[in-house]
Amino acid sequence: MITMVKPGIIRVLLCIGLLIFFVSAPAFGQWPDKRLVVRIPQAPQRVTIDGKRVIYYELQLKNISSDTIRLRRVEISGAGPLLSIEGSALDDTMSDAVLVPQNTSTLYIELENLHADDSILNHQLEYALPNKDKESGFFRLSVVVPIAKAPVPILAAPLREGNWAAIYSPVWQRGHRRVCFTFGNTDYLPGRFAIDFVRLDSVGRYASGNEDSVANWYGYGNAVYAVADGAVVAMRTDFTESPTLSGHPAYAATDATGNFVAVDIGHGQVVFYEHLKPGSIHVWRGQRVRKGQVLGAIGFTGQSTGPHLHLHVANAPLPLRAEGLPFVFLDFQLVGRYPDFGVFGKSVWSPVKASARVVRERPAPNTVIRFVQE
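Take the sequence shown: its letter number 83 is residue 83 in full-length UniProt numbering, and every next letter is one higher.
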């Protein structure tokens with residue numbers, strides 16, 4: 001069960017970006033016991049979606065004991081409760097709610113409607129030792145996490161005319177939000193805030209005629225534009241392209257990006273434009289680019305199920321070994337939504353009552369937008 005309540009003002013403090021040992025106190029009066037290491041890979045940071053203040057972040061829990069640990073409940077609060085997760089909902093929110101000795105599991109957290117003054121999040125983790133006798137009871141672990149105050153980058157349009165589906169969902173098990181890449185003993189989540197943009201026609205189709213033909217996709221070959229001034233710091237241009245979806249080869253994670261361009265826009269923020277068309281990239285590493293400059297064109301390279309633009313912002317110029325950062329667009333027009341993503345590409349979206357201009361927000365999951373032309 002997941003319970004969300006109105007947020008209050010949060011007033012506790014913790015360091016971020018370190019492996020921190022917490023002492024857990026048993027609920028029934030046993031001696032304190034060290035069993036878990038908690039790591040926060042990226043400081044939580046607000047971003048506005050659908051007019052709500054939203055935060056995506058994770059707690060990585062490592063069992064350093066010789067006992068199996070079962071997480072039972074997670075409560076997040078400020079001055080008042082924010083979120084309570086237990087039971088099957090906890091299983092859906094974690095990579096694994098049962099931690100065997102020396103294993104790590106990730107708890108994925110999404111919070112909405114935070115108060116403007118909230119600055120710190122307090123977590124109470126309750127866990128049990130299922131392989132022990134019942135008298136061992138359960139234990140509580142307190143973790144407090146500050147909300148980052150760094151400004152969220154405001155991006156210009158990466159695409160131009162047409163209807164664009166902003167495809168992502170924080171709850172998809174294999175969506176960008178939950179796909180980590182491990183280097184050494186560290187997990188990275190570069191796609192924490194990634195969006196895949198697919199162009200649609202007026203009735204919700206993404207291709208004309210035979211959709212197996214890449215050239216029939218409405219977005220294929222559309223120009224991709226720089227969303228901000230910056231410097232090209234990484235790129236790949238060596239991928240070829242299958243003319244059909246059915247002929248597309250399988251790629252390893254290290255080749256997931258396909259042809260891409262990464263632009264450092266300052267303040268520790270790097271924008272990635274991925275799956276670009278072969279031969280369409282006419283910038284080079286080290287080049288300064290201007291907002292609105294053409295970087296390449298939408299293609300079908302790397303790990304992709306169809307022509308689209310993958311866009312994300314990260315804290316390093318490494319496609320996989322970096323942490324994803326939130327971003328908003330300067331403005332866009334909200335056209336509609338896909339409440340049931342199962343009908344995507346088969347029928348038109350659910351239209352909004354009146355197409356509205358949205359300013360300095362991130363598109364909501366699986367919405368259809370038009371970028372405002374400058």
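Just so it is clear, CB atoms sit at the ideal spot from N, CA and C, and this is done for glycine as well.
So, is residue i buried or exposed, given that buried needs 16 or more other C-beta atoms within 10 angstroms?
i, result
"residue 116", "exposed"
"residue 277", "buried"
"residue 367", "buried"
"residue 254", "exposed"
"residue 95", "buried"
"residue 131", "exposed"
"residue 171", "exposed"
"residue 342", "exposed"
"residue 173", "exposed"
"residue 54", "buried"
"residue 373", "exposed"
"residue 78", "buried"
"residue 340", "exposed"
"residue 193", "buried"
"residue 326", "buried"
"residue 151", "exposed"
"residue 285", "exposed"
"residue 329", "buried"
"residue 354", "exposed"
"residue 208", "exposed"
"residue 371", "buried"
"residue 222", "buried"
"residue 304", "buried"
"residue 183", "exposed"
"residue 80", "exposed"
"residue 51", "exposed"
Can you tell which of the options has its C-alpha closest to the C-alpha of residue i?
i, options, result
"residue 281", "268, 55, 260, 272", "260"
"residue 317", "231, 95, 177", "231"
"residue 258", "91, 178, 271, 275", "275"
"residue 224", "204, 243, 164, 50", "164"
"residue 252", "120, 181, 144", "181"
"residue 162", "169, 140, 198", "198"
"residue 218", "355, 80, 309", "309"
"residue 121", "76, 97, 186, 237", "76"
"residue 351", "196, 244, 204", "204"
"residue 196", "139, 65, 323, 176", "176"
"residue 114", "140, 62, 88, 46", "46"
"residue 103", "323, 50, 298, 65", "65"
"residue 145", "236, 160, 159, 123", "123"
"residue 160", "297, 323, 324, 313", "297"
"residue 142", "127, 148, 154", "127"
"residue 311", "265, 271, 51", "271"
"residue 237", "88, 279, 37, 50", "279"
Tell me which residues share the same chain as residue i and place their Cβ nearer than 6 Å to its Cβ, disregarding the 5 neighbours each side in the sequence.
i, result
"residue 48", "361"
"residue 291", "156, 226, 228, 229"
"residue 200", "163, 165, 206"
"residue 387", "Lying before the first or after the last residue shown, residue 387 is absent from the chain, which here runs from 1 to 374."
"residue 57", "44, 109"
"residue 359", "331"
"residue 300", "214, 241, 307"
"residue 345", "206"
"residue 74", "85, 125"
"residue 365", "168, 169"
"residue 246", "212"
"residue 99", "63, 69, 105"
Can you name, in chain order, every residue of its own chain whose Cβ lies under 7 Å from the Cβ of residue i, other than the five neighbours on each side?
i, result
"residue 268", "315"
"residue 93", "85, 107, 108"
"residue 302", "239, 251, 255, 256, 257, 258, 274, 275"
"residue 293", "225, 226"
Per the DSSP calculation, residue i is bridged to which residue(s)?
i, result
"residue 325", "313"
"residue 167", "196"
"residue 52", "49"
"residue 57", "109"
"residue 81", "77"
"residue 270", "264, 314"
"residue 186", "183"
"residue 225", "294"
"residue 62", "37, 104"
"residue 242", "DSSP lists no partner for residue 242."
"residue 231", "264, 288"
"residue 154", "328"
"residue 69", "99"
"residue 379", "This structure cannot speak to residue 379, because the chain is shown only from 1 to 374."
Only counting the same chain, and skipping five residues up and downstream in sequence, which positions put a Cβ closer than 8 Å to that of residue i?
i, result
"residue 67", "35, 101, 129, 131, 132"
"residue 289", "226, 229, 230, 231, 232, 263, 283, 295"
"residue 356", "333, 334"
"residue 347", "203, 204"
"residue 31", "Summary for residue 31: the model assigns pLDDT 27, below 50, so the residue's position carries little reliability, and this model does not support an answer."
"residue 337", "349, 350, 352, 364, 366, 367, 368"
"residue 91", "97"
Tell me the start and end of each unbroken beta strand (DSSP E) in the region 92–136 that is at least 3 residues and wholly inside, in chain order.
104–111, 120–128
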